[in-house]
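Note that the numbering used here has the sequence shown beginning at 506, numbered continuously upward.
These notes are about the structure you will find just below.
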Amino acid sequence: MELKKFDSQDELVEQIVKIVSDIISKKPDALLCFACGETPRPVMDKLVEVRRNGEIDFSRVRLLGLDEWIGVGRGTVGSCSQMLYDDFFRPMKFRTDQINIFDGLSKNLEVDIKNVNQIVEELGIDFVLLGIGMNGHIGLNEPGFNPDEKAHVVELSDMTKKVMPKYFDQKINLQQGITLGFSQLLSAQKIILMATGERKAKIVKEIVSSEPSNGLPASMFKQSKHESFFFIDKAAGARL
């Protein structure tokens, strides 16, 4: 995993958008996976701008969700599906047939998991954009995860439960989530892990200075056999 430091978040975002645009130019039907949340949102905003300007044709790309809280759905403000649809899918005018995301309200999660695993196996992930949890989790792959797993249901860690309320506009008690597995993320042809802002400086230092370990999920990308990058802005790299 190659560390790349940028003077500003804007500069970092511009580089990611260029990479995504290049991938789609070379492979119009690429399978792209985007994390939801505050960190990747500026990238999505910029991609929406690129689409509105007609610079890239996104009509054939496929979208894959990274994770979801079990017990909430698209109608719940703060769910991954709500954020992805409102911040990205709808402004980008993606069709329903282009989108494959987890449903946290599904009555049969095993079927959903099987379908997602089949998509990843058949198409392969061309690009994945990931943020970092405060404990280094990736998606909902928490410390101590099994690196060989595919999509699966997880028990939320205490740290994730503590941070979780910031996403919702109401009090919600969630215990589980569903996420792509690390083996699937590591299989992506191009991986970008991004961290911005001073509050991520501590975990960024831990990731950069540590050996790969499932106790610190983000560090495992150091074992990636494909192109993988750790993009940070000046604030996130303040402790390096």
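Quick reminder that beta carbons are idealized off the backbone N, C-alpha and C, glycines included.
Checking 8 Å against the spacing of the C-beta atoms, do Gly576 and Pro648 come in under that value?
no
Where does Asn646 sit, in a helix, a strand or coil, going by DSSP?
strand
Quick check on DSSP: helix, strand or coil for Phe687?
helix
With which residues is Leu661 paired in a DSSP beta bridge?
Bridge partners of Leu661: none, in fact.
May I ask you to report which of helix, strand or coil DSSP gives Asp527?
When secondary structure is reduced to three states using DSSP, Asp527 falls in the helix class.
Leaving out five residues on either side along the sequence, give the residues of the same chain with a beta carbon under 6 Å from the beta carbon of Phe734.
Glu507, Lys509 and Ile697
Kindly list the residues whose CB is nearer than 7 Å to the CB of Lys655, restricted to its own chain and excluding five residues on each side of it in sequence; keep chain order.
Asn622, Gly686, Ser688 and Gln689
Do you know how far the Cα of Asp572 is from the Cα of Ala741?
24 Å
Any contact between the segment 634–652 and the segment 692–706? By contact I mean 3 or more CB pairs, one from each, below 8 Å.
yes
Taking the straight line between their C-alpha atoms, what separation do you get for Asp738 and Lys727?
Distance between the alpha carbons of Asp738 and Lys727: 19 Å.
Does the structure place the segment 577–593 close enough to the segment 537–548 that three or more beta carbon pairs sit under 8 Å?
Yes, since at least three Cβ pairs between the segment 537–548 and the segment 577–593 fall closer than 8 Å, the two stretches touch.
Evaluate Pro722 with the Cβ neighbour count: other Cβ atoms within 10 Å of its Cβ, from every protein chain shown; 16 or more gives buried, anything less gives exposed.
buried
Taking 8 Å as the limit between beta carbons, can you name the residues of its chain near Ile606, skipping five residues before and five after?
Leu568, Leu569, Gly570, Glu573, Cys585, Ser586 and Leu589
Is Ala706 helix, strand or coil when you go by DSSP?
helix
Three or more C-beta pairs under 8 Å: does that hold for the segment 660–674 against the segment 553–563?
no
Between which two residues does the beta strand (DSSP E) holding Ser586 run?
Note, Ser586: premise wrong, no beta strand (DSSP E); alpha helix (DSSP H) at Cys585 to Leu589.
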